[in-house]
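Everything in the sequence shown is counted per the numbering used here, starting at 13 for the first residue and increasing by one. Cβ coordinates follow ideal geometry from the N, Cα and C atoms, glycine included. This report concerns only the one structure given below.
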Amino acid sequence: DKYQEKISLALSRAKLTNLKANSILVTQCDRPLACTICSIWEPRMISNFDSSNPPGGSISASSLAIVAADCIITGRDKFSAEFNAVDLPPDDEEIFLGSDSYGQNLLGLMSKNPIVYANEMLRQSGSLPYYSRSMSETLVAILLSSKSTVVNSDTHGNKCSKCITYLQHRASSLSEVIDSLCCLSPKVSEALSLDELFLVPSLLRAIAELAFAVDDNASPLSCESTSTALKTLTSLTHENSVACNQIISSYCWKIPLPALSQDSTSSSQITGLDIVFSYLFKTLSVKQGSKSAHHKSNYDNTIFCLNILTNIVEMVPNPTKNIIETIVVNEGFFCDESNVKTPGLSWLAQWVVSKTSGFRNSVMKGSFGSKAETRSTIDVNELKAGEEDNLVTSGNGFVLLACLMIDDDIFPSRSIRDSILKELPIDKDGNSGGIQFMIKTLKAFCNFYHYSVGDLSVAVIAPVIKLITGLEKIDLEEAAVKVAVGSTNTEPSPLVW
Numbered sequence: 013d014k015y016q017e018k019i020s021l022a023l024s025r026a027k028l029t030n031l032k033a034n035s036i037l038v039t040q041c042d043r044p045l046a047c048t049i050c051s052i053w054e055p056r057m058i059s060n061f062d063s064s065n066p067p068g069g070s071i072s073a074s075s076l077a078i079v080a081a082d083c084i085i086t087g088r089d090k091f092s093a094e095f096n097a098v099d100l101p102p103d104d105e106e107i108f109l110g111s112d113s114y115g116q117n118l119l120g121l122m123s124k125n126p127i128v129y130a131n132e133m134l135r136q137s138g139s140l141p142y143y144s145r146s147m148s149e150t151l152v153a154i155l156l157s158s159k160s161t162v163v164n165s166d167t168h169g170n171k172c173s174k175c176i177t178y179l180q181h182r183a184s185s186l187s188e189v190i191d192s193l194c195c196l197s198p199k200v201s202e203a204l205s206l207d208e209l210f211l212v213p214s215l216l217r218a219i220a221e222l223a224f225a226v227d228d229n230a231s232p233l234s235c236e237s238t239s240t241a242l243k244t245l246t247s248l249t250h251e252n253s254v255a256c257n258q259i260i261s262s263y264c265w266k267i268p269l270p271a272l273s274q275d276s277t278s279s280s281q282i283t284g285l286d287i288v289f290s291y292l293f294k295t296l297s298v299k300q301g302s303k304s305a306h307h308k309s310n311y312d313n314t315i316f317c318l319n320i321l322t323n324i325v326e327m328v329p330n331p332t333k334n335i336i337e338t339i340v341v342n343e344g345f346f347c348d349e350s351n352v353k354t355p356g357l358s359w360l361a362q363w364v365v366s367k368t369s370g371f372r373n374s375v376m377k378g379s380f381g382s383k384a385e386t387r388s389t390i391d392v393n394e395l396k397a398g399e400e401d402n403l404v405t406s407g408n409g410f411v412l413l414a415c416l417m418i419d420d421d422i423f424p425s426r427s428i429r430d431s432i433l434k435e436l437p438i439d440k441d442g443n444s445g446g447i448q449f450m451i452k453t454l455k456a457f458c459n460f461y462h463y464s465v466g467d468l469s470v471a472v473i474a475p476v477i478k479l480i481t482g483l484e485k486i487d488l489e490e491a492a493v494k495v496a497v498g499s500t501n502t503e504p505s506p507l508v509w
């Protein structure tokens with residue numbers, strides 16, 4: 013019929029030659045009986061692909077639409093066998109920021125860059141909320157499918173992995189679209205995060221349920237769905253106070269978490285900060301070897317959590333610092349030792365410092381990344397193979413700690429600063445410790461990032477340099493206080509290595 017002809021034409025133009033690799037293909041179920049839900053949506057799948065496609069595969073019309081949207085938004089047909097990056101003129105930042113300065117030249121400027129034009133039309137069309145609602149509904153469907161309380165004659169009370177797989181692929185594809193949209197401007201991110209769309213609460217609920225409430229929270233599908241939610245939250249919270257304010261809000265969800273703020277404990281409610289901090293703690297509490305199948309996922313999720321927390325501190329510093337300062341981590345949560353509790357800030361600072369053990373001496377001596385050093389004079393703790401992840405992780409961790417330590421116009425961060433400084437190391441001679449350790453690690457992080465990425469690293473390095481300047485100011489203030497009182501630090505001795 014006419015509908016089938018249009019879909020076939022769209023498929024031929026999309027050139028989907030590697031559907032399975034791109035996670036939008038649904039293959040035939042291995043079990044003789046599918047669940048009752050599969051029997052509803054599976055007949056509506058589109059099959060009979062080109063001979064170059066995997067046999068027995070099918071795709072939904074909505075998945076095809078998501079692929080088309082991704083191609084339009086990014087300007088890249090990454091699902092095509094003939095995928096090549098299109099050379100486009102440099103983007104005008106004013107256009108991305110939605111400034112009115114270009115006025116009458118809007119269409120002329122946009123016509124020179126089809127990506128800018130397509131995305132501006134997308135924003136003006138009012139279709140952005142549909143992406144948020146679609147993602148929210150998909151996450152709710154994943155949560156419902158992940159619970160085994162519903163029993164039917166086909167699944168016998170077991171979860172249908174086919175349904176969950178299809179929904180996870182759909183969530184992953186939508187996450188990529190939302191990530192691309194968020195790169196355009198804060199206005200787009202805010203439009204996607206409106207309260208009435210429930211996207212941010214849905215993402216938080218998915219993380220909390222799949223990580224702490226579902227029986228098989230360690231299953232690959234649960235971990236993949238959680239990682240997708242964290243990735244989307246990372247994009248949404250960047251320079252977006254609308255999303256950040258929803259994360260620091262309280263929710264009446266009865267979900268046990270290993271990290272709770274004082275307000276959450278007294279009110280029997282949890283905040284989005286509690287959820288993200290708890291997931292960070294869970295990820296870091298699971299010991300994985302470097303060759304483990306989960307190592308890459310754990311590393312990515314750690315970076316996502318650190319970036320989300322940093323984004324929130326930057327956008328809504330006063331309430332966020334108030335909450336984080338009162339978070340308490342239950343270190344016995346996963347081994348039924350409920351009385352082992354540690355202040356969240358202290359636990360976080362200790363963990364960040366522990367990631368520097370392989371190159372700590374080189375950082376403190378300032379030798380890391382120095383071109384003047386010869387091979388014979390480089391310290392044995394110079395960055396070794398396999399330590400790159402630790403440097404990136406500790407760098408992101410110190411970025412978060414620096415954001416918490418630096419005063420803003422409203423919130424004085426002295427108490428937070430003291431809690432973090434107690435956990436920072438000094439050398440055996442008592443030199444170059446404390447804040448200087450953070451500064452030198454962040455400089456090493458910037459050097460490594462610039463070496464790895466090149467000129468594109470400016471987007472990451474510039475904000476970090478601003479933080480380094482703030483830390484240097486704090487260091488001078490601390491030194492002036494010590495000179496004024498004529499004494500050394502009287503606080504508990506920091507870690508000495």
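- Here methionine 327 has Ser253, Cys256 as same chain residues with Cβ atoms under 6 angstroms from its own Cβ, once five neighbours each way along the sequence are excluded.
- The DSSP assignment places 307–327 as complete runs of the alpha helix (DSSP H) inside the stretch 305–329, in order along the chain (cut-off: 4 residues).
- Bounds of the beta strand (DSSP E) holding asparagine 342 are 340–342.
- Under DSSP, serine 262 shares a beta bridge with Thr283.
- Residue burial annotation: tyrosine 463 is exposed, with fewer than 16 other C-beta atoms found within 10 angstroms of its C-beta.
- Bridge pairing for threonine 354: Val341 [DSSP].
- Counting C-beta pairs with one atom in each stretch, the stretch 171–180 and the stretch 203–217 have fewer than three that are closer than 8 angstroms, which means they do not touch.
- Leucine 140 is a Cβ neighbour of valine 200, given a cutoff of 8 angstroms.
- With 16 or more neighbouring CB atoms inside 10 Å of its own CB, alanine 271 falls in the buried class.
- Contact annotation: lysine 333 and asparagine 342 have beta-carbon atoms that are not nearer than 8 angstroms.
- Following the DSSP letters along the chain, one finds proline 437 in no alpha helix (DSSP H), marked with neither H nor E.
- With a cut-off of 8 angstroms on Cβ pairs, the stretch 405–421 is in contact with the stretch 478–490, counting three or more such pairs.
- Nearest C-alpha to phenylalanine 293 among Phe346, Ile49, His307: Phe346.
- For cysteine 175, the uninterrupted alpha helix (DSSP H) segment begins and ends at 173–194.
- Methionine 147 sits close to isoleucine 190, with the two beta carbons spaced by under 8 angstroms.
- Put simply, the backbone Cα of isoleucine 176 is about 7 angstroms away from that of leucine 233.
- About 18 angstroms separates the beta carbons of serine 237 and isoleucine 315, which is beyond the 8 angstroms limit, so they are not a contact pair.
- Per DSSP, reduced to three states, the secondary structure at leucine 272 is strand.
- Separation of histidine 181 and cysteine 317 (C-alpha to C-alpha, rounded to the nearest whole angstrom) is 22 angstroms.
- Minimum Cα-Cα distance from glutamate 490 among the listed residues Val476, Tyr461, Ala471, Leu433 corresponds to Leu433.
- Serine 197: not part of any alpha helix (DSSP H); DSSP gives it neither H nor E.
- For glutamate 208, the secondary structure class from DSSP, reduced to helix, strand or coil, is helix.
- Taking a C-beta distance under 8 angstroms as the contact criterion, serine 247 and aspartate 82 do not qualify as a contact pair.
- From the listed residues Asp275, Asp487, Tyr129, Ala73, the smallest Cα separation to tyrosine 178 is found for Ala73.
- In this structure histidine 307 is exposed. Its beta-carbon is surrounded by fewer than 16 other beta-carbon atoms within 10 angstroms.
- Just so you know, the alpha carbons of lysine 455 and alanine 203 end up roughly 36 angstroms apart.
- Only residues of its own chain outside the window of five on either side were considered, and among them Val364, Met450, Thr453, Leu454 have a CB closer than 7 angstroms to the CB of phenylalanine 410, listed in chain order.
- Between the beta-carbon of serine 239 and that of serine 309 there is about 6 angstroms, and that keeps the pair under the 8 angstroms contact cut.
- In the three-state scheme derived from DSSP, where H, G and I count as helix and E and B as strand, aspartate 467 is classed as helix.
- The alpha-carbon of cysteine 195 is positioned some 16 angstroms away from that of serine 185.
- With 16 or more neighbouring CB atoms inside 10 Å of its own CB, serine 214 falls in the buried class.
- Residue range 140–157 is occupied by the alpha helix (DSSP H) that includes isoleucine 154.
- Distance check between glutamate 188 and each of Ala80, Arg429, Leu360, Leu357 places Ala80 closest, using alpha-carbon atoms only.
- In this structure, serine 431 and leucine 357 form a Cβ contact; the two beta carbons are roughly 5 angstroms apart against a cut-off of 8 angstroms.
- In this chain, the alpha helix (DSSP H) harbouring serine 239 covers 232–249.
- No residue range can be given for cysteine 47, since it is assigned to no alpha helix (DSSP H) and is classified by DSSP as neither H nor E.
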